[in-house]
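Worksheet for the structure shown next.
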Amino acid sequence: MGNSNRRLLCLFSLFVLSEVQIKVQVFDNSDLSPLADAQVNVHGNKTLLASGRAGSDGVVRVSFLYRTGSWVIITAAKRDYVTNSVPWHSSRIPCESVLLISGRC
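Numbered by mature numbering (1 follows the signal peptide of the UniProt record, and there is no 0), the letters in the sequence shown go through residues -22 to -1, 1 to 83 in order.
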């Protein structure tokens, strides 16, 4: 493989998007009980990539297209609770990633 082909392959790999799924667990910060019905949003590059609502166990799985190494912001919100956000990124495509987010009245 020539140098120009290697450069093209490297350049192409920078723009490849893969679908990832992350599991987000949302808790009430005061007693660590699951926070049911919390809205979870994933933002990247000023764009909403995915959203979902936590079940009775405070868990939601969200899938979105992801470029390895890029940063996304995961936000959990519920009425009467403080909205909380966490940054997330991965240097490789994960099999599964778990995030814990807590909110408080």
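Cβ coordinates follow ideal geometry from the N, Cα and C atoms, glycine included.
- Other residues of its chain near S63: CB distance less than 7 Å, five sequence neighbours each side excluded: As a working note, residue 63 is residue 85 in the sequence shown. The answer, listed in chain order, is I51, I52, T53.
- Task: Tell me whether A32 sits in a helix, a strand or coil according to DSSP, three-state version.
- Result: By one-based count along the sequence shown, residue 32 stands at place 54. If DSSP states are grouped into helix, strand and coil, A32 belongs with coil.
- Item | Contact check, A32 vs A16, beta carbons under 8 Å | As a first step, residue 32 must be located in the sequence shown, where it is residue number 54. As a first step, residue 16 must be located in the sequence shown, where it is residue number 38. Yes, Cβ-Cβ distance for A32 and A16 is below 8 Å.
- Thinking L(-6) and F5 are a contact (beta carbons under 8 Å), I'd like their distance in whole angstroms, please. For the purposes of this step, residue -6 is taken as the residue at position 17 of the sequence shown. For the purposes of this step, residue 5 is taken as the residue at position 27 of the sequence shown. With 8 Å as the limit, L(-6) and F5 do not qualify as a contact, their Cβ atoms being about 31 Å apart.
- Message: I need the DSSP call for Y59, collapsed to helix, strand or coil.
- Response: By 1-based counting over the sequence shown, the position of residue 59 is 81. Coil, per DSSP.
- Buried or exposed: V60, going by 16 or more other Cβ atoms within 10 Å of its Cβ? The residue you call residue 60 lines up with position 82 of the sequence shown. Result: exposed.
- Span separating the alpha-carbon of W49 from that of Q3: Locating residue 49 in the sequence shown gives position 71, where the first residue counts as 1. Locating residue 3 in the sequence shown gives position 25, where the first residue counts as 1. The alpha-carbon atoms of W49 and Q3 are separated by roughly 19 Å.
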